[in-house]
Structure formats: C-alpha cells, structure tokens
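4 protein chains.
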Amino acid sequence: MTEKEEIYNRDKALFEAGIKLGALYHQFIGTPVSTKTAKELEIAIEKSVSLQPWVSAVKVKIDREKVRKCENGNKFEYCELSGEMLDVEVVVRYEEVEVHARVKYDEEMGYPLMRIEKVT
Amino acid sequence: MTEKEEIYNRDKALFEAGIKLGALYHQFIGTPVSTKTAKELEIAIEKSVSLQPWVSAVKVKIDREKVRKCENGNKFEYCELSGEMLDVEVVVRYEEVEVHARVKYDEEMGYPLMRIEKVT
Amino acid sequence: MTEKEEIYNRDKALFEAGIKLGALYHQFIGTPVSTKTAKELEIAIEKSVSLQPWVSAVKVKIDREKVRKCENGNKFEYCELSGEMLDVEVVVRYEEVEVHARVKYDEEMGYPLMRIEKVT
Amino acid sequence: MTEKEEIYNRDKALFEAGIKLGALYHQFIGTPVSTKTAKELEIAIEKSVSLQPWVSAVKVKIDREKVRKCENGNKFEYCELSGEMLDVEVVVRYEEVEVHARVKYDEEMGYPLMRIEKVT
C-alpha cells in the first residue's frame, strides 16, 4: 500500500460523522410530530444516535415554529418530521480526532445541508 | 351506489387501525436501540402514534430480553429495532366503533403479525 | 363471544388494506428521487407492496410535475419523495371481499389522505 | 483559524461517503423483498443513491441466498430487507479526491460494518 492509500484516523472520524447524519436523517424523517410531542422525539433521536460507535455527543433541535406552522396548515393538527424542521449537531471522536458535524436546513439552497463544522 | 358498496364506520375504523400499525412499523424498524434507550424509544413511538387521527390509546413494549440478547451478539452493544422485539397495541375509535389492534411477533410464523383483537 | 365481537372477512380485508398504505408510506417517504429515477422507484414500491399478504394489485404514481418543481427549487436537483408527490392504489382481497384503497394528497386538507374507494 | 482546523477536500469526500451509506441503510432497511423482487429493489436503491451530491458510482447487491432462507422461514414467503442481506459499494468524488466505501455484513461482529476501502 502506498502512502497515498493509507487511511488515517482523521479519515475514519469524518466518515463516521457522515454515517451518523445520513442515518438519523433517513431513519426519522416522516415521523409524526407536533409541538406537544417534539420534546420526546428529540430525546429519542439523541438516545438512538448516542448508541452508535464513536459518538461522544449529540444535540437534536426540532424547530417549534415550523412545526406549529405545519400543524396549522393541515386538518389533523400534526406534521411529519421534515428536513426543514431539523437541526442536529453530532460530535464523533475516533482515537485522537474529534469531528463536529451538523445537519441544518439551508433556506437558500432549499436543502438540509450536512456539513463539517470543526475537526480537531 | 348499491348497498353493497356503502362504506360503514366499522369499515373506516378497521382501515384506520391497519394504517396505524403499518405506519409505525415501517417508520421505526431499524432505529438503533439498547436496553438503556428502549424506554425513550417506546415513549417516542407512543407519542407519534397518538397524534394520528382516531387513535384513542397506544401501548408500545420493546422486549428487553431480545434487545439484551442482540446487544450481546454484536461488537458495539446496541441493536436495530426489529419486528421480533416489538409489541404494540393500538385502540382506534371512529364514531361509535372501537377497534383494538396489535402487532406482535409470531414465533411459529416467523412473522410480525398484525391482528384485530376486538371490535366493539 | 357475542355476535358484536365477531370479526368478519370484510373487517380483515379493510384492516389489511390500511396496513399496506401505512407501511409503504412510511417505508418510502424520504427516498431521494428525481424525474430521471421516478419510474424505477415506482416499480420498486409496486413490487414490494405486491409481496405482502392479500395484495392483488397495486399501482404507484409519482407526480412528475411536483418532482420537477422540487428539483428546480434545490441546488442539487433532486428531491425526497414526499406525500404530495405520491398516489398509490392498492387492491386487497381477503377471501370473498375485495377492497380498493388509495393514498393521494388532498390539497385542501394539506394531508396525504388514505381512503377506502370501494368494498365489494 | 489555525491550520489544524482547516477542512480539506479529503475530509469532505470521506464525510460525504459516510452520509451516503448511513442514508441508504436507514432508508431501505425494512423494505419487503423476495428473490422475485430483489433485482428491482437493487436498481431503485442504486438510482436513489446516484442522485445524491458527489456520488460517481454505486453498486448494490442483495444476497439472494439469505433472502431465500428468510422466505422459507416465514409463512408469507417474503422478507424485510436487513443488514445481513445488503452489500453496497459507493464511490464518492469530491474535487480531486475519490473515496471507495462499502457496507457489508460482518458475520464475526454481527454487524453491518461500514468501511472505507480506498482513498485516492
């Protein structure tokens, strides 16, 4: 194996951070949610992400204002969790490398952008 | 419309009960879970099902023994929620009709059987 | 058991029809889709629903116009499958009873309404 | 920002590769599948992953032998797609960096391990 093909701890930490964001997004999008149940859903997502390898912290926020708007727009007064409502920060530590990553809706792009916020 | 094609409240109650079981199963299967987080996941599933139209009660049980067995069988000590672990009872009321329905793994069939338990 | 508590084939057919719609909705919502891949996704959903017990027919339509609009609104030119785009008709036969059911977005309700279309 | 905190193209390529594997896994796990429909599901997963940013290739294999075994073990002769059945290779290119990543069940670990196979 040439040096070029070596895989570093930094590589693994970033790869693992990506896995966590992709996984939680596609697991929980579509879940019925309302302003009354958003708290419990946040906790359940945090707990489930925390179980996965190399996760050292996770913070989930569901945008109450967007949930409320969506509730008011449909007859049954609840919503499906969507990318627009979700803001999740995950910290992954793999050996000596720590990655802070986040998924948060980017209004301009119209896209729930997953991004690396910090690598140390 | 002939009488044969009429749709009754009983029909709707049963249809709605089926929707709830099918929906929750395919929403939550695959969620990372362990004996430490099963309680929060049960609560989140109950809350999310409760939001949906005509649901009057819901009780979710995740089989701790099966979760424990699965944890012990994998290196990272957590599992994905699977049909074998899940026991959910939903009560749907549509007008005067009440349906008790349930999804619970049937060991003999090797299948997470969804069944009607009572219609009143 | 009093007659009132008996469960009929008609009950089971309606319950099963509900299961199919709830299941497919929460399984596939969130799947990346574009006008270029909608056909293959329709086929995969149809195939997967057809496997389930008592399903005799299924027709999936993903609204190309809505997919196109969504593609144009985001930087990466693809979308997540959402309730607004989906129109699925399922026929369930349980013994002598046939149920035609459908999920289709109801613009006025702002809701992907699941409905019984016919019972024979 | 110190040099240490800089984010490189290599970092982004690895992060994006992780996202793709995490996403597809949690989107499609639980989908009804049989030996008769596995081909169409493979195609639909490939198409959906291909749409996502920076993906240059994707190859999905569903293990027919495991599907067959599972079909035979349940009354209705179909299965849910599970981690044991799935082998997916994704190639992500971000600028000049190419990452080959894969999810494949590791029998010894009892775990659907996501791994980096090559970075060039």
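Protein chains in written order, with numbering that gives the first Met the number 0: chain A, 0 to 119; chain B, 0 to 119; chain C, 0 to 119; chain D, 0 to 119. For each residue, glycine too, the CB sits at the ideal point set by N, CA and C. All figures in this text were calculated on a predicted structure; none of them were measured in a lab.
Looking at the strands, I want to know which residues DSSP matches up with residue i.
| i | result |
| --- | --- |
| A:E88 | A:K58, A:R101 |
| B:R67 | Beta-bridge pairing links B:R67 to no other residue. |
| A:V118 | A:V98 |
| C:Y93 | C:V96 |
| C:V32 | C:C78 |
| A:P111 | A:Y104 |
What residues of chain B sit near residue i, judged by a beta carbon separation below 8 Å?
| i | result |
| --- | --- |
| A:S47 | T30, P31, V32, T36, L40 |
Please list the partners that residue i has in chain D, where partner means a Cβ-to-Cβ separation under 7 Å.
| i | result |
| --- | --- |
| C:F75 | P52 |
Using a C-beta to C-beta distance shorter than 9 Å, which residues of chain B count as neighbours of residue i?
| i | result |
| --- | --- |
| A:A100 | Under the 9 Å cutoff, chain B gives no residues; its nearest Cβ is about 17 Å from A:A100. |
Give me, in chain order, the residues of the same chain whose beta-carbon lies closer than 7 Å to that of residue i; leave out the 5 immediate sequence neighbours on both sides.
| i | result |
| --- | --- |
| D:D105 | L112 |
| A:G29 | E79, L80 |
| C:K68 | none |
| B:F138 | No answer is possible for residue 138 of chain B: the residues shown for chain B start at 0 and end at 119. |
| A:T119 | E97 |
Residue i touches chain A at which residues, Cβ-Cβ below 9 Å?
| i | result |
| --- | --- |
| D:I115 | I6, D10, K11, F14 |
| D:A56 | Neighbours of D:A56 on chain A: none; closest Cβ ~17 Å, over 9 Å. |
If I measure Cβ to Cβ from residue i and keep anything under 6 Å in the same chain, skipping five residues before and after, which residues do I get?
| i | result |
| --- | --- |
| C:I115 | A100 |
| C:M0 | Residue placement at C:M0 is poorly supported in this model, since its pLDDT is 46, which falls under 50; the coordinates still yield a value, given next. Taken in chain order, the list of residues that qualify is empty. |
| C:G82 | Y104, P111 |
| A:E94 | N8 |
| A:V96 | N8, R9, A12 |
| C:K117 | H99 |
Determine the chain B residues that contact residue i at a beta-carbon separation under 7 Å, and present them in chain order.
| i | result |
| --- | --- |
| C:Y24 | A22 |
Which residues in chain A sit within 8 Å of residue i, going by Cβ to Cβ distance?
| i | result |
| --- | --- |
| C:G109 | G72, N73, K74 |
| D:I18 | G17, I18, L20, G21, M113 |
Using a C-beta to C-beta distance shorter than 7 Å, which residues of chain C count as neighbours of residue i?
| i | result |
| --- | --- |
| B:V118 | E4, I6, D10 |
Skipping 5 residues on each side, what residues in its chain have a beta carbon closer than 8 Å to that of residue i?
| i | result |
| --- | --- |
| C:V32 | L40, I61, V66, Y77, C78, E79, L80, M84 |
| D:R63 | T34, A37 |
(message) Contact between the stretch 37-46 of chain A and the stretch 28-46 of chain C is defined here as three or more beta-carbon pairs at a separation below 8 Å; is this criterion met?
(response) no
(request) Decide yes or no for the touch test of the stretch 86-98 of chain A against the stretch 47-58 of chain A: beta carbon pairs closer than 8 Å, at least 3 of them. (result) Result yes; three or more Cβ-Cβ pairs closer than 8 Å.
(request) Report yes or no: do the stretch 45-52 of chain D and the stretch 4-19 of chain C share at least 3 C-beta pairs separated by less than 8 Å? (result) no
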